[in-house]
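Protein chains in written order, with the numbering used here: chain A, 272 to 742; chain B, 597 to 699.
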């Protein structure tokens, strides 16, 4: 076998393979023998005719060359892959083949692309401040209060933002009824998604009053439904009633109802903690994404088509699963969106490509930074999650048993693997962030668990979930 | 009985599994004219293929009765396959006859 390789754009490796003459003849011989086992020639029992007769029966050796070539190509291709240490990421494609004077063929095989990584060490990103202001806390508190609000009738007043209105209305286009008349619709001005023009008119009515007006919706009015754009519609709206929101007083009792804490101050503290935790996580992701995006700008990866397609398929099947869980069939979804599966694939494609690139960038950085997770690292992590070994003499039997079983779960292959991936990602992203922020960390004023135990408990919970999923 | 002409003696080579095996012993089988004699066969083979015949065996294959049904239940037709005279010709060791190797 003679082999030459050539790299083509799109991370396609072209293998030109020429079989040795002897190799090819041998393949032809075996092709004939294969055929001879099944051939029926008059005067002979099936499969008993001598080889030279079989050859002549079919009209010569050349007839078997094609058959032989197929087998031999497969074998030579496998050998080439092994010899050259190629790891294909897709199916090879035969681009040309010759049988004379001997078998020579060219296959194009997609391979893992070269990642020409941009200078990730030069990327600088400012940390995000995760400090929580009093305003943040009050805003959340206000939202909670509003959720608990009650509605009280008001008379002789035009409704304003934040009021709840009860409305009867009809819509006509010319003399035709445009939609069924609606009675007793309840909207909260400024919170329910209403047409801006309609809302203005409603705010102009006093309770009990009926307003008639015509509204025209521009063709390019994004806020209007597509089916009413460009239409002149006649509305007849009766304001049945207006209610005003009454917020509950912020008391210790309310705090207890809302979050099972003793005082309003404690509630504030808890809200602050929640926001802080959220901001810290979001901030870290934001910084990380910014870094990866920046590196991606200067990185060239010649993604082979096969990999992109695979990723698209992968994501598509994920979406299908998601839909199935919601009880919607894929066909319904396609019909509803008015799109074909191929169009969906085109939609997914840019995202799939971006994800692939980012994953490869991360992998490449991991390689350059020598980031690896050893079994000992995993052991340490398990110790951290499962807590120290309990002394059977001091702890009660149940606790000891529970601890032992926890350890057993963590030490399973599946969970160890999950942990390893987890640790790897954490170590890698930490390193990347460290470089890009010059050691300042992704988040300033980051949230940290109040005590070790709580953190361990949390990750233990997450672990238990993973273990459940695995079963 | 009219004398057979030499070219009427040999009818066709018989190439079968069994005969192919015999060819390893320099024996080749022909279907021959029913009236052909061993001497005539020897002469005919030597003349046609330019080989030396050392021995000739002949045998008559008797016709086999063949019965065939016609028109479901309407009756049967009796008949027989044709009779064949075979000749197994032994050549001088190492000699071959081309037509046995190229149908």
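Beta carbons are placed, not taken as given, at the ideal position from N, Cα and C, and that holds for glycine. As the structure is a computational prediction, the values presented were derived from the model and not from experiment.
request  = Assign residue 672 (chain A) to buried or exposed, taking buried as 16 or more other Cβ atoms, counted over all protein chains shown, within 10 Å of its Cβ.
outcome  = With fewer than 16 other Cβ atoms within 10 Å, it is exposed.
key: Contact set between residue 611 (chain B) and chain A, taken where Cβ atoms lie within less than 7 Å   = Under the 7 Å cutoff, chain A gives 314.
task = Look up residue 379 (chain A) in the DSSP assignment and say whether it is helix, strand or coil.
result = DSSP places residue 379 (chain A) in strand when its eight states are reduced to three.
ask   = List, in order along the chain, the chain A residues whose C-beta lies closer than 7 Å to that of residue 616 (chain B)?
value = Simply 321.
ask   = From residue 684 (chain A) to residue 690 (chain A), what does the alpha carbon distance come to, in whole angstroms?
value = If I take the Cα positions, the gap works out to 10 Å.
inquiry  = Tell me the DSSP secondary structure of residue 272 (chain A) in three-state form.
reply    = Coil at residue 272 (chain A), not helix or strand.
ask   = What are the complete beta strand (DSSP E) segments, minimum 3 residues, inside the stretch 651-704 of chain A?
value = For the beta strand (DSSP E) assignment, the stretch 651-704 of chain A encloses no uninterrupted run of at least 3 residues.
message = Quick check: what's the CA-CA separation for residue 707 (chain A) versus residue 391 (chain A)?
response = Distance between the alpha carbons of residue 707 (chain A) and residue 391 (chain A) is about 8 Å.
ask   = Going by alpha carbons, who is nearest to residue 640 (chain B) out of B:697, B:689, B:694 and B:685?
value = When each option's Cα is compared against that of residue 640 (chain B), the closest is B:685.
For residue 420 (chain A), the three-state DSSP class (helix, strand or coil) = The three-state secondary structure of residue 420 (chain A), taken from DSSP, is coil.
ask   = Within the 8 Å Cβ cut-off, does residue 279 (chain A) reach chain B?
value = No, residue 279 (chain A) lies away from the interface with chain B (no Cβ there is under 8 Å from its Cβ).
ask   = Roughly how many whole angstroms lie between the Cα atoms of residue 606 (chain B) and residue 636 (chain B)?
value = The straight-line gap from Cα to Cα measures roughly 9 Å.
request  = Please say whether residue 517 (chain A) and residue 421 (chain A) have beta carbons closer to each other than 8 Å?
outcome  = By the CB criterion at 8 Å, residue 421 (chain A) and residue 517 (chain A) fall inside the cutoff.
task = Write down every uninterrupted run of the beta strand (DSSP E) in the stretch 407-474 of chain A whose length is 3 residues or greater and which is fully enclosed by it, in chain order.
result = Fully enclosed beta strand (DSSP E) runs of 3 or longer: 421-425, 435-444 and 447-459.
ask   = Can you find a C-beta in chain A that's less than 8 Å from the C-beta of residue 685 (chain B)?
value = For residue 685 (chain B), the closest Cβ of chain A is not nearer than 8 Å.
inquiry  = By the DSSP assignment, the beta strand (DSSP E) with residue 506 (chain A) in it spans what residues?
reply    = Run containing residue 506 (chain A): 503-517, per the beta strand (DSSP E) assignment.
request  = To the nearest angstrom, report how far apart residue 285 (chain A) and residue 279 (chain A) are at their CA atoms.
outcome  = Near 7 Å, if we compare the C-alpha coordinates of residue 279 (chain A) and residue 285 (chain A).
ask   = Using CA coordinates, which residue listed in A:610, A:402 and A:431 is at the minimum distance from residue 548 (chain A)?
value = Looking at the Cα atoms, A:402 is the closest of the given residues.
ask   = If we ignore side chains and look at the alpha-carbon of each, how far apart do residue 553 (chain A) and residue 388 (chain A) end up?
value = Each residue's alpha carbon lies about 26 Å from the other.
Supposed contact pair residue 510 (chain A) and residue 250 (chain A) - C-beta distance, whole angstroms, cut 8 Å = In the structure displayed, chain A extends from 272 to 742; residue 250 (chain A) sits before or after that span and is not available.
Residue environment, residue 463 (chain A), which counts as buried when at least 16 other CB atoms sit within 10 Å = Classification for residue 463 (chain A): exposed.
request  = Can you tell me which of A:332, A:345, A:705 and A:331 puts its alpha carbon nearest to the alpha carbon of residue 558 (chain A)?
outcome  = That would be A:705, whose Cα lies nearest to the Cα of residue 558 (chain A).
request  = Figure out for me which residue from A:639, A:719, A:697 and A:625 has the closest Cα to the Cα of residue 649 (chain A).
outcome  = Ranked by Cα distance from residue 649 (chain A), the options A:639, A:719, A:697 and A:625 are led by A:697.
The stretch 288-297 of chain A in contact with the stretch 365-378 of chain A per 3-pair CB rule at 8 Å = Contact between the stretch 288-297 of chain A and the stretch 365-378 of chain A is present, because at least three Cβ pairs lie under 8 Å.
ask   = Apart from the five residues on each side of it in sequence, which residues of its chain come closer than 6 Å, Cβ to Cβ, to residue 664 (chain B)?
value = Around residue 664 (chain B): 673.
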